[in-house]
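Residue numbers (full-length UniProt numbering), protein chains in the order written: chain E, 1 to 405; chain C, 1 to 405.
What follows is the structure, encoded as structure tokens:
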């Protein structure tokens with residue numbers, strides 16, 4: 001039984017291996033946050049462009065700046081308006097943070113150590129040469145790469161690209177991910193629910209997950225459990241960078257997705273992953289479009305979304321993709337030894353008196369309970385055959401909100 | 001000196017106290033992720049709507065399900081198509097995950113324990129009453145609140161709102177935050193840079209930060225250092241939920257923002273916060289619009305953005321707002337005792353051999369170095385008067401990427 005189960009790592013590796021990044025597009029700087037650079041960003045100027053003052057005060061010659069000296073103030077150098085002259089012996093120039101150090105000066109007397117008086121300034125504390133001066137190019141130098149290709153741009157990166165005078169960025173196109181929910185029993189939220197019907201939730205939850213991961217979700221119309229209907233909707237797959245299906249992946253008589261997609265050049269990847277919740281997953285290809293088939297059960301679908309779909313979107317977006325980031329926290333309760341399937345316990349996080357983060361798994365871990373998943377803060381990872389753990393032992397968790405899920 | 005400095009907590013408290021949440025708006029479910037609920041979400045149905053099977057197998061009477069028994073299969077109950085009849089003694093109904101348990105049945109024989117044969121099924125292992133049955137309302141019950149007001153909606157929450165049949169959500173409007181950069185020396189990225197000029201980076205970085213925090217940024221045209229120009233641009237402030245200025249907040253002769261805004265009904269909040277980087281901050285009100293004046297220096301502006309602007313956006317969005325979330329990690333190097341100003345050391349994070357997260361502060365912490373900030377993963381928090389720490393001591397950090405910054 002265990003032998004035909006694939007490990008999570010192997011499954012993810014196979015999914016990622018089949019993906020290539022989207023092509024590049026040019027976007028305005030303001031649209032760049034959260035996007036992945038397809039080309040590095042090069043500084044188009046040197047910052048600071050000259051030696052500048054790090055403080056408000058007076059630019060002068062260090063040799064003159066002895067305690068008790070009085071210097072003639074011959075001008076002013078605010079940020080953006082360099083002083084054109086030269087500072088000679090016995091002279092000083094009023095300077096402000098970011099102002100260019102004038103020719104002749106080699107030190108800054110900060111204003112707290114100065115006493116201005118009618119065109120002159122009194123040195124109250126000696127100034128050292130080079131102090132409070134930011135050297136030309138301290139931040140970055142024209143022509144150097146300030147942000148490498150493959151980087152997912154943060155707000156700080158946008159600031160750096162702006163400061164280095166780049167109004168345009170070359171980034172990977174956001175992957176367009178189509179979501180196909182299948183099932184006779186599925187209706188759209190707000191529509192009348194027939195007896196035995198359930199409201200489609202996976203497509204909407206996965207759309208939010210896809211957006212959080214940097215993709216562009218497209219929710220396809222629900223396909224009934226009918227090979228022709230599924231094939232018809234899936235025929236549009238070529239317009240997308242990936243097709244995600246949900247439902248139709250269990251092992252019963254009602255698994256039509258595989259049949260339905262066969263005629264479209266569907267290549268089946270695999271079926272069973274050694275994990276709970278979420279065992280049945282389809283990976284394949286419909287023409288040139290990669291297909292990821294997630295379980296119909298909402299908790300399984302979202303767990304598989306975090307473990308497989310988010311890394312896939314990262315890979316499509318130009319990043320390597322890999323396991324979701326984890327943190328180590330303490331388990332509030334003892335955990336039983338695990339069987340051969342990796343488990344993902346829905347848990348809340350809290351801070352104990354000593355300031356440690358503690359995970360408390362929900363008492364019932366039924367994979368149909370979406371409310372429990374929504375209330376959870378984290379998934380506690382239990383590797384296949386993990387030994388039993390006492391309360392307050394360290395466990396690895398995926399913090400869902402940190403992923404935007 | 002220290003006495004006229006405000007602590008970060010006090011400054012944040014004053015900023016937050018002046019803010020009220022935006023009014024509610026109705027949005028489609030699909031637009032809800034990341035928004036804050038203004039009204040709780042109530043389940044419009046019960047899930048599951050009846051007792052359902054948790055597995056593929058056979059619904060039957062537990063009393064009949066003894067090892068070796070053979071039962072007549074009288075019908076089928078897939079998900080979405082309830083079996084209309086009743087299961088009598090000696091009978092079974094083929095059932096699939098999510099299928100309603102038919103009348104008369106009280107147990108599910110999973111298919112691994114069954115052998116089907118020409119209209120009948122052989123019980124290979126006894127089934128217990130109630131096993132593999134999900135009870136009606138296990139997930140949620142019609143009329144109960146599944147998501148409370150004030151909750152920032154995750155992808156999981158969107159799934160839960162969908163599953164509970166809610167096509168619309170009532171959320172707080174995204175706060176519209178205007179950004180006003182001031183300074184004669186400031187140009188837009190890509191425009192010619194005059195001698196002594198620098199490229200405006202704060203507005204673009206702050207716009208990305210505002211978007212990451214759930215706000216809608218609007219970048220106002222750059223205002224030169226001229227009271228009339230600043231007043232003119234700021235006159236549009238009434239259209240926004242908050243006005244953020246950057247630059248013009250230092251203590252030199254060039255601080256025009258305060259003067260400029262005086263004529264517009266500007267009430268000054270305060271000036272100096274006991275922190276590094278980022279001491280000078282303005283908090284006030286322009287007519288009815290709250291104003292937050294951030295330092296002109298990019299590193300200070302972004303640090304203050306994380307400490308003050310992000311909590312402000314949270315408060316405007318209908319959440320409490322408060323200090324940014326922190327984590328405990330180890331410091332790679334000894335840290336000197338701190339002075340009276342809270343420090344925020346730019347640091348990279350790595351994982352040591354023992355699996356612990358370790359922060360390595362950048363060697364030069366100059367607040368003009370945007371490239372260092374962009375390369376950093378975290379800010380190491382050093383409280384006022386924090387004692388010296390040896391290498392490998394625990395420190396608190398703000399992980400910037402986790403905030404979308």
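All residues carry an ideal CB built from backbone N, CA and C; glycine is no exception. This structure is a prediction, so every number in the text was calculated from the model and none was measured.
_In whole angstroms, give me the CA-to-CA distance for residue 110 of chain E and residue 232 of chain C._
Taking the CA atoms as reference points, residue 110 of chain E sits about 34 Å from residue 232 of chain C.
*Check each candidate in E:56, E:237, E:334, E:277 and name the one with the smallest Cα separation from residue 417 of chain E.*
Lying outside 1 to 405, the shown extent of chain E, residue 417 of chain E is not represented and no answer is given.
_Sequence-distant residues of the same chain with beta carbon closer than 6 Å to residue 382 of chain C, five excluded per side_ = Once the five neighbours on either side are set aside, the close Cβ partners of residue 382 of chain C are 338, 343.
*Using the beta-carbon of each residue, which ones in chain E are nearer than 8 Å to residue 398 of chain C?*
Result: empty, since nearest Cβ-Cβ is about 13 Å, beyond 8 Å.
*asked:* Closest to residue 179 of chain C by C-alpha separation, out of C:208, C:61, C:385, would be which residue?
replied: Considering only alpha carbons, the answer is C:208.
_Which same chain residues end up closer than 7 Å to residue 373 of chain C when comparing Cβ atoms and leaving out the 5 residues on each side of it in sequence?_
The residues are 299, 302, 346.
*With a CB to CB cut of under 8 Å and the five nearest residues on each side skipped, what residues in its chain are close to residue 50 of chain E?*
Close CB contacts of residue 50 of chain E within its chain, under the 8 Å cut and outside five residues either way in sequence, are with 82, 100, 101, 136 (chain order).
*Could you round the C-beta distance between residue 389 of chain E and residue 335 of chain E to whole angstroms and report it? I think they count as a contact, below 8 Å.*
Indeed, because the Cβ distance is near 4 Å, the residues count as touching under 8 Å.
*asked:* For residue 319 of chain C and residue 72 of chain C, what's the separation of their Cα atoms in angstroms?
replied: Just so you know, the alpha carbons of residue 319 of chain C and residue 72 of chain C end up roughly 58 Å apart.
*Which chain C residues are close to residue 211 of chain E, counting only those with a beta carbon under 7 Å from its beta carbon?*
Within 7 Å Cβ-Cβ: 33.
*Out of C:146, C:308, C:329, C:211, which has the shortest C-alpha to C-alpha gap to residue 14 of chain C?*
Considering only alpha carbons, the answer is C:308.
*Establish whether the CB of residue 204 of chain E and some CB of chain C are separated by less than 8 Å.*
The Cβ of residue 204 of chain E sits closer than 8 Å to at least one Cβ of chain C.
*Spatial neighbours of residue 157 of chain E in its chain, beta-carbon cut-off 6 Å, leaving aside the 5 residues before and after*: Beyond the five residues adjoining it in sequence on each side, residue 157 of chain E comes within less than 6 Å, by CB distance, of 147 in the same chain, given in chain order.
*At a CB-CB cut-off below 8 Å, which residues of chain C make contact with residue 322 of chain E?*
Taking a Cβ-Cβ cut-off of 8 Å, residue 322 of chain E has no neighbours in chain C, whose nearest Cβ is about 14 Å from it.
_Bounding residues of the beta strand (DSSP E) (the contiguous stretch that carries residue 242 of chain E)_ = Counted as a single uninterrupted DSSP element, the beta strand (DSSP E) harbouring residue 242 of chain E occupies residues 242-246.
*Less than 8 Å separating the beta-carbons of residue 402 of chain E and residue 396 of chain C?*
No, they are not a contact pair.
*Using a Cβ-Cβ cut-off of less than 9 Å, list which residues of the region 115-140 of chain C approach chain E; keep chain order.*
Listed by position along the chain: 134, 138, 139, 140.
*Who are the neighbours of residue 154 of chain E on chain C, taking C-beta pairs under 8 Å?*
Result: 208, 374, 400, 401, 404, 405.
_Check this for me: beta carbons of residue 217 of chain E and residue 317 of chain E, under 8 Å apart or not?_
The Cβ-Cβ distance between residue 217 of chain E and residue 317 of chain E does not fall below 8 Å.
*Would you identify the three-state DSSP class for residue 178 of chain E, choosing helix, strand or coil?*
Strand, per DSSP.
*Could you tell me which chain C residues have their CB closer than 9 Å to the CB of residue 184 of chain E, listed as they occur along the chain?*
Neighbours of residue 184 of chain E in chain C, taken as residues at a C-beta separation under 9 Å, are given in chain order as 78, 79, 80, 81.
*Taking the alpha carbon of residue 202 of chain C as the point to measure from, which residue in C:183, C:400, C:399, C:365 has its own alpha carbon closest?*
The shortest C-alpha separation from residue 202 of chain C is found at C:183.
*Could you tell me which chain E residues have their CB closer than 9 Å to the CB of residue 242 of chain C, listed as they occur along the chain?*
Those within 9 Å of residue 242 of chain C in chain E number zero; the least Cβ separation is about 17 Å.
*Compare the C-beta of residue 53 of chain E against all C-beta atoms of chain D and say whether one is closer than 8 Å.*
Among the protein chains in the structure shown, which are E and C, there is no chain D.
*Are the Cβ atoms of residue 41 of chain E and residue 161 of chain E separated by less than 8 Å?*
If you check the CB distance, residue 41 of chain E and residue 161 of chain E come in under 8 Å.
*Identify whether residue 253 of chain E lies in helix, strand or coil by the three-state DSSP scheme.*
Residue placement at residue 253 of chain E cannot be trusted, given a pLDDT of 37 that sits under 50; the coordinates are not used to answer.
_Extent of the continuous alpha helix (DSSP H) to which residue 13 of chain C belongs_ = For residue 13 of chain C, the enclosing alpha helix (DSSP H) begins and ends at 8-17.
*Spatial neighbours of residue 23 of chain C within its chain, please: CB distance less than 7 Å, with the 5 preceding and 5 following residues excluded, ordered by chain position.*
Taken in chain order, the residues that qualify are 173.
*Entirely within the region 15-99 of chain C and at least 3 residues each: give me those beta strand (DSSP E) ranges in chain order.*
24-28, 57-60, 70-77, 91-95, all fully within the region 15-99 of chain C.
_Taking CB distances under 8 Å as the criterion, tell me whether residue 308 of chain E reaches chain C._
Output row for residue 308 of chain E: interface = no.
_So, does the region 59-71 of chain E touch the region 116-128 of chain E, judging by three or more C-beta pairs under 8 Å?_
Yes: the two stretches touch, three or more of their Cβ pairs being nearer than 8 Å.
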